[in-house]
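Heads up, the thing below is written out as C-alpha cells.
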Amino acid sequence: PGDYTITLEVSNAAGTGTETIEVFVNIGPDPGFMALVNGLEAQFINTSANSQAYEWDFGDGNGSEEAGPVHSYDTPGDYLVTLSAMNECGTATITDTITLNLAAPVANFTVSGNEGCAPLTVTFQNNSENADSYSWSFPGGTPSTSTAPNPTVTYETPGAFSVTLMAINAAGSGALTRQNIIVVGGPPQGGFEYATNEATVAFNNTTENADSYLWMFGDGHTSTETSPEHTYSQGGDYTVMLLAYNECGTDTTQQSINLTGMAPSPGLSASIESGCAPLTVTFGDGAEGTVTSWQWSFPGGNPASSSDPNPTVVYEQPGVYDVTLTIGNAFGENSQNETALITVIGVPEASFSPEIQGLGLTLTNTSSGEGLSYEWDFGDGTGSTEENPEHAYAEPGEYAVVLTVSNECGTDTARATVRAVVSGLADESWLEAFTVFPNPGSGPFTVRLQGQPAARLQLNLLNVVGQRIFRLEDSFLAGYWQGLLELERLPAGVYVLEARAGERRAYRKVVVE
576 PGDYTITLEV
586 SNAAGTGTET
596 IEVFVNIGPD
606 PGFMALVNGL
616 EAQFINTSAN
626 SQAYEWDFGD
636 GNGSEEAGPV
646 HSYDTPGDYL
656 VTLSAMNECG
666 TATITDTITL
676 NLAAPVANFT
686 VSGNEGCAPL
696 TVTFQNNSEN
706 ADSYSWSFPG
716 GTPSTSTAPN
726 PTVTYETPGA
736 FSVTLMAINA
746 AGSGALTRQN
756 IIVVGGPPQG
766 GFEYATNEAT
776 VAFNNTTENA
786 DSYLWMFGDG
796 HTSTETSPEH
806 TYSQGGDYTV
816 MLLAYNECGT
826 DTTQQSINLT
836 GMAPSPGLSA
846 SIESGCAPLT
856 VTFGDGAEGT
866 VTSWQWSFPG
876 GNPASSSDPN
886 PTVVYEQPGV
896 YDVTLTIGNA
906 FGENSQNETA
916 LITVIGVPEA
926 SFSPEIQGLG
936 LTLTNTSSGE
946 GLSYEWDFGD
956 GTGSTEENPE
966 HAYAEPGEYA
976 VVLTVSNECG
986 TDTARATVRA
996 VVSGLADESW
1006 LEAFTVFPNP
1016 GSGPFTVRLQ
1026 GQPAARLQLN
1036 LLNVVGQRIF
1046 RLEDSFLAGY
1056 WQGLLELERL
1066 PAGVYVLEAR
1076 AGERRAYRKV
1086 VVE
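Residue 965 in our numbering sits at position 390 of the sequence shown; the count goes up by one each step and never skips.
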C-alpha cells in the first residue's frame, strides 16, 4: 500500500504529450493483540495495522469497540477472545485464548490499644487482600478463635500473647502471625527479704512487675527506694510493710523483725547557737531509745563538763566553741561531736590608721570584732560605709576623721585629725566663678572660670594621693576661660581640679563615675 504517481506519454510526427495522475493503493486490515492478565482483570494491547475501527468479543458475553480496553471477568478460567479490525478495504479477525487464575489471598491485620491492664478488650482490624473468609486464633483470649472479619477479644490474665490470621479464597490461603502483640499487665507480686546488722536492716526487694514502692519501717519512717537500708533508733519488734505499685494496681507485703542489743544514738541540740558575751546556752539530747548515761564536754564554757541530760552553760569570752555529747546504755555508747557549734560575739573595738598625701586620704581599718559595719566621717561633711575607704579633700586644712564600728553586741568609735596640704596658697578672692559640670559625671566635663585677668592659667587634675595626672595651660588675659576635660578613660573615683594663676590657686572636687 501507499501513494503512487502514474504518467502517460504519447508521441507523433507533430511532437510528444504527457499526462500524470496520483493514486493511493490500500490493503485490508491486519489484526493483532496481546493480553496482560492480573487476577481476574485483563488489559488488552492492540497491535493491529491498517485498521480504522475495532470490535472485541471477550468470550464471556461482553465486548467493546475501544482500541485497547480493560476488562474484568467474574470467574477464573479460559476465555476465547476475538478482535475484528476494519478499514475501507474490509474486515479481518483474530482469535486467541487467555487464562485467568484467581490470586492467592494476603493476610494482614492491625490492632490498637494492644497494651493494658487485665481484663484487656481488643478489637482487631482486618486488612487482608483477595480473601473470601477468615480464621483467627487467639491463644489466651476469649474467644480463642473466630471467623469474623474484625473480631473483639478479651484477655483476662496478664501475659504476652500472639495472634494468627488465616485469609482464604478459592485459590488457597495466606496466614500472618504477630508474636506477643498483645501485652496484658496485672498488679505487682510483692515480696522482700532482709538482713540485720545491729540496728541497721538491709532490705532486698523481690517484687515482680512493679513501677514504684513505699516502705513503712514500723517506726514512723518511710522510704521510696527499691531496696533501702534503715537504721532503727532502738531495739524491739517492728512490722515492716512494702507497698508495690504499677498502673494495674497495688500489692502489700509485710513481715515482722526483732532488734535487740542496740546502743542509743545521741541527738545533741542547743537553745541558742550564736549571741553576745556572756552567752547562756541550755543543751538537750534528743536521743531515741533508752539512755542511762550522759557525758557532756564544753571547752571554753562554764562548767566545762556535765553529766546532766540538759545542762546550762555560760560562755564569758568571745570565740567559737565545740560541743561533744556521749550517751550510753547497757548495749554500748555513741558520741556526737559538733564542731564550731557555739559562736560568742564581743563588743567591737574601733581603730584605724590614716595616711594623707596632698589632698588625698587613705584609711586603713584595724578594728576588731565579729559581724562589723562601718560608718566614716571625713570631717568635711562627707563620709563612707566602706571598710577601707579613700577620700580626696577639696581644700587644704585640718579635718577630724571619725570611725564608728557596730555589731549586734554594741558600738565603738575612734578619732584622728589629719592635715591636707597643697603646696602654694589656696585663695579664691581672685575668682568670681569656678564651676565643673556635670559633677559627678562620666565626662566630658565643662570647666568655666571667671575672675581677675592673668597672663597664664594652669589647670592640674590630681588623684586622691596628690599625683598630677593631667595638665593644661592657656591665656587668662580676658579674665574668662571655658573648656572641656575629656576624662572618659580615667577610672571611676574622686579627683581634685587645681586652677593656678601665678601664686593664686583654687580647687574643685571632681567625681568621675
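Glycine residues also receive a C-beta, built at the ideal position from the N, C-alpha and C atoms.
If you're wondering where the values come from, they're calculated on a predicted model, not measured in any experiment.
Mind reading off the beta-carbon distance from residue 917 to residue 890? Whole number of angstroms is fine, and I expect it under 8 Å.
-> 6 Å between Cβ atoms; contact.
Nearest to residue 822 by alpha carbon, out of 763, 898, 1011 and 696?
-> Comparing Cα-Cα distances from residue 822 to each of 763, 898, 1011 and 696, the minimum goes to 763.
Is DSSP giving residue 1000 helix, strand or coil here?
-> In this prediction, residue 1000 scores a pLDDT of 46, lower than 50, which makes its location untrustworthy; the coordinate-derived value is nonetheless stated afterwards. The three-state reading of DSSP puts residue 1000 in strand, counting E and B together.
With DSSP as the reference, label residue 837 as helix, strand or coil.
-> When DSSP states are grouped into helix, strand and coil, residue 837 belongs to the coil group.
Outcome for residue 608 when other beta-carbon atoms lying within 10 angstroms are tallied against a minimum of 16 = A residue is called buried once 16 or more other Cβ atoms fall within 10 Å of its Cβ, and residue 608 is buried on that count.
Return the bridge partner residues of residue 654 from the DSSP annotation.
-> Beta-bridge partners of residue 654 (DSSP): 673.
DSSP state of residue 686 mapped onto helix, strand, coil = Three-state result, residue 686: strand.
Using 8 Å as the threshold, is the segment 1042-1049 in touch with the segment 1001-1014, meaning 3 or more CB pairs across them?
-> Cβ pair count under 8 Å is below three, so no.
Under the three-state DSSP convention, the category residue 702 falls into | Of the three classes helix, strand and coil, the one that applies to residue 702 here is coil, per DSSP.
Straight-line CA distance for residue 1024 to residue 970?
-> Going from the Cα of residue 1024 to the Cα of residue 970 covers about 17 Å.
Could you spell out the range, first to last residue, of the beta strand (DSSP E) harbouring residue 1058?
-> Run containing residue 1058: 1055-1060, per the beta strand (DSSP E) assignment.
Excluding five sequence neighbours on each side, which residues of the same chain lie with their C-beta closer than 8 Å to the C-beta of residue 735?
-> The beta carbon of residue 735 lies closer than 8 Å to those of 755, 757, 758 and 759 in the same chain, with the five residues before and after it left out.
Is the number of C-beta pairs between the segment 902-916 and the segment 831-850 that are closer than 8 Å three or more?
-> Under the 8 Å Cβ criterion, the segment 902-916 counts as touching the segment 831-850, having at least three qualifying pairs.
Would you list the residues sitting across from residue 994 in a DSSP beta bridge?
-> Note: residue 994 sits in a beta bridge opposite 973.
Endpoints, beta strand (DSSP E) assigned at residue 898 | Note, residue 898: beta strand (DSSP E), 894-904.
Can you find at least 3 beta carbon pairs, one from the segment 828-836 and one from the segment 802-819, that sit closer than 8 Å?
-> Yes: at least three Cβ pairs fall under 8 Å.
Candidates 776, 787 and 1061, of which the one nearest residue 835 by Cα = That would be 776, whose Cα lies nearest to the Cα of residue 835.
Do you know whose CA, among 605, 827, 893 and 627, lies nearest residue 849's CA?
-> Residue 893 is the option with its Cα nearest to residue 849.
Among 959, 1074, 1063 and 1044, which has the Cα closest to the Cα of residue 1055?
-> Residue nearest to residue 1055 within the set 959, 1074, 1063 and 1044 is 1074 (criterion: CA-CA distance).
Exposed or buried, what is residue 623 when buried is set at 16 or more other beta-carbons lying within 10 Å of its beta-carbon?
-> Counting Cβ neighbours within 10 Å, residue 623 comes out buried, since at least 16 surround it.
Quick one: residues in its chain with C-beta nearer than 6 Å to the C-beta of residue 1044, no 5 flanking neighbours on either side, listed in chain order?
-> Beyond the five residues adjoining it in sequence on each side, residue 1044 comes within less than 6 Å, by CB distance, of 1036 and 1038 in the same chain, given in chain order.
Could you pull out every residue in the same chain whose Cβ sits closer than 6 Å to the Cβ of residue 895, ignoring the five residues on either side in sequence?
-> Taking C-beta separations shorter than 6 Å and ignoring five residues to either side along the sequence, the partners of residue 895 in its chain run 915 and 918, following chain order.
Outcome for residue 792 when other beta-carbon atoms lying within 10 angstroms are tallied against a minimum of 16 = Of the residues assessed, residue 792 falls on the buried side of the cut-off, its CB having 16 or more other CB atoms within 10 angstroms.
Would you mind stating whether residue 554 and residue 938 have Cβ atoms separated by less than 8 Å?
-> Because the chain is modelled from 576 through 1088, residue 554 falls outside the range shown and cannot be assessed.
To which residues of the same chain is residue 618 closer than 6 Å at the C-beta, ignoring the five residues directly before and after it?
-> For residue 618, where only same-chain residues beyond five positions count, the Cβ hits under 6 Å are 611 and 645.
Compute the beta-carbon to beta-carbon distance between residue 1085 and residue 1067, rounded to the nearest angstrom, for a pair I have assumed lies under 8 Å.
-> 11 Å between Cβ atoms; not a contact.
Residue 670 beta carbon less than 8 Å from that of residue 657 | In contact: residue 657 and residue 670 (Cβ atoms closer than 8 Å).
Counting along the chain, where does the beta strand (DSSP E) carrying residue 1011 start and finish?
-> Residue 1011 -> beta strand (DSSP E) spans 1006-1012.
Whose C-alpha, out of 738, 794 and 865, is nearest the C-alpha of residue 718?
-> The residue with the shortest Cα to Cα distance from residue 718 is 738.
Helix, strand or coil at residue 1088 according to DSSP, with G and I counted as helix | Looking at residue 1088 - three-state DSSP - the assignment turns out to be coil, as it is neither helix nor strand.
Decide if residue 862 is buried, meaning its Cβ has at least 16 other Cβ atoms within 10 Å, or exposed.
-> Taking all protein chains shown into account, residue 862 has 16 or more neighbouring C-beta atoms within 10 Å of its C-beta and is therefore buried.
State the Cα-Cα distance for the pair residue 701 and residue 800, rounded to the nearest angstrom.
-> Here the alpha carbons of residue 800 and residue 701 stand approximately 45 Å from one another.
From the DSSP output, read off the bridge partner residues of residue 788.
-> Residue pairing for residue 788: DSSP places it in a beta bridge opposite 819.
What is the DSSP secondary structure of residue 1064, counted as helix, strand or coil?
-> When secondary structure is reduced to three states using DSSP, residue 1064 falls in the coil class, being assigned neither helix nor strand.
Per DSSP, the bridge partner or partners of residue 1036 | Looking at the DSSP assignment, residue 1036 forms a beta bridge with 1045 and 1072.
Taking only the alpha-carbon atoms, compute the straight-line gap between residue 999 and residue 979 and give it to the nearest angstrom.
-> With a pLDDT of 46 at residue 999, under the threshold of 50, the predicted position of this residue should be treated as unreliable, and no value is reported.
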